[in-house]
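Quick notes on the structure that follows.
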Amino acid sequence: MARAKRRWVSQDTGSFHIISRVAGGELLFNEGDKECFLRLLERFAVGFFVEIHAFCIMSNHFHILATGLEKEAFSASKEELFRRYRLIYGEDAEPPTGTYDTSGRVIPDADEGVERLRRRLGAISRFVQELKQTFSRFYNKKYDRYGYLWGDRFKGVIVSKGEAQLACSAYIDLNPVRAAIVQKPEDYRWSSLGLRVRTPVRAKMLLRPLSILPGFVNGAECDEGVEGVENTVEPMLAPIILSEKSFDHFFTYREFVYKSGGVERSGSAHICSELVNDVLKYHGDFGVGDRFRYRIKNFSEGIALGNYALIAHLQKSWNRKYIRPRSFMGKDRSCSCSWSFTTRVLRL
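This is how it looks when you write it as structure tokens:
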């Protein structure tokens, strides 16, 4: 029986929730394997014309929320296409510029392979295919195994632009909580929320924030009549009140995830009410306890720790007077603990 043709959605309409599981469903991936998958995701994301909004790498499957940038691929120059190709396959890699005939000779394309690269680097399906195949080669070589690693081709759920994207992103970040692996979603290292907390610079390079646009509030639908697009917010998220504000701000998104994760569902774990209330109390920002948990390196590996005046004096004496003191307990001088300033905020 022939496979069903995949449905496609433009970047103006929505994204894809990509899911793929290992064959047999065994728990195969350890921490090193997950880190390798994350590095491959970062590598392919900068080469292909895709935006990654959320991800979670579990022990036997992964989730990715991604938008295909077909407009950018269509308008990309030859130089940009070749640059992206080499980011994926190596600086010495030569992009294909034609097809092979039956005798093995290359029949060159009239445009030197430009259109071929546009179709290749602008396709989400090719992005996922190469991500999975490259990881499979790594995994089989590492564990001296052979055969298929993934159970089937990936599942790509179309998610309409707006609230549905936000709900899907929260669903992805809550996977480790639902599986009872962690109590707090940011405690899981191989998810988008965990990456944002532990390594924000790395997260900024990989992840592109979602925005809630005017008209996408309180369960409103969008893009009616687009075939294959799911327009409604997941039922477990429906009671949550959203507002017309951008969700590119980390703390706003974290607050939303905790509200979502606090909703109980049969057969899965949830975030306990005490943790939800603690996050809501600070409107998604970190409380004192969280600051200690995620910034504890400043006590043992930092250069100095103390009040604002002391750190400013030390910075100036070390000819670092243009680098102002920073607090790992808050965002600015007015809202921070008086003793919590340091030369550099260190993270796990």
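Numbering-wise, my numbering puts 219 at position 217 of the sequence shown, and it's gapless, one number per residue.
Just so it is clear, CB atoms sit at the ideal spot from N, CA and C, and this is done for glycine as well.
Nearest-angstrom Cα distance between S268 and D94?
53 Å
Can you name the start and end residues of the beta strand (DSSP E) that G34 belongs to?
Run containing G34: none in the beta strand (DSSP E); it sits in the alpha helix (DSSP H), E33 to G49.
Hey, quick one: how far does the alpha helix (DSSP H) through H63 stretch, first residue to last?
That residue, H63, is in no alpha helix (DSSP H); its beta strand (DSSP E) goes H63 to G70.
Assign M358 to one of two classes, buried (16 or more other C-beta atoms within 10 Å of its C-beta) or exposed (fewer than that).
In this structure the chain extends from 3 to 350, so residue 358 is not present and cannot be described.
Taking C-beta to C-beta, are F129 and F31 nearer than 9 Å?
In this structure, F31 does not lie closer than 9 Å to F129 by Cβ.
Rounded to whole angstroms, what is the Cα-Cα separation between E96 and L133?
19 Å
Tell me, please, whether the region 143–159 touches the region 174–183 by the rule of three or more beta-carbon pairs shorter than 8 Å.
no
DSSP beta-bridge partners for T101?
DSSP output for T101 lists I109 as bridge partner(s).
Rounded to the nearest angstrom, what separates F76 and A311 at their Cα positions?
54 Å
When you compare each of G304, S12 and I325 to S342 by their alpha carbons, which one comes out closest?
Selected option, being the one with the closest Cα: G304.
Considering E1, what are the terminal residues of the beta strand (DSSP E) in which it resides?
Nothing can be reported for residue 1: it is not among the residues displayed for the chain, which extend from 3 to 350.
How big is the Cα-Cα spacing for A169 and K318?
47 Å
I'd like to know whether the C-beta atoms of V116 and K80 end up nearer to each other than 9 Å.
Contact flag set, yes.
Take E256 and list the residues in its own chain whose beta-carbon comes closer than 6 Å to its own, dropping the five residues that flank it on each side.
According to the sequence shown, residue 256 is Arg rather than Glu. Counting only Cβ-Cβ distances below 6 Å, and skipping sequence neighbours, we find G286.
From A47 to H315, what does the alpha carbon distance come to, in whole angstroms?
42 Å
Is M60 buried or exposed, if buried means 16 or more other CB atoms sit within 10 Å of its CB?
It is buried - the Cβ of M60 has at least 16 other Cβ atoms within 10 Å.
Does the beta-carbon distance from F57 to L43 come in below 9 Å?
yes
Where does H19 fall in DSSP's three states?
DSSP places H19 in strand when its eight states are reduced to three.
Which two residues bound the contiguous beta strand (DSSP E) that contains K157?
K157 to S162
Hey, G263 and H251 are a contact pair by Cβ (cut 8 Å); roughly how many whole angstroms apart?
Not confirmed; about 18 Å, so no contact.
For G164, which option in F253, G16, V203 and I54 has the closest C-alpha, if you only look at C-alpha atoms?
G16
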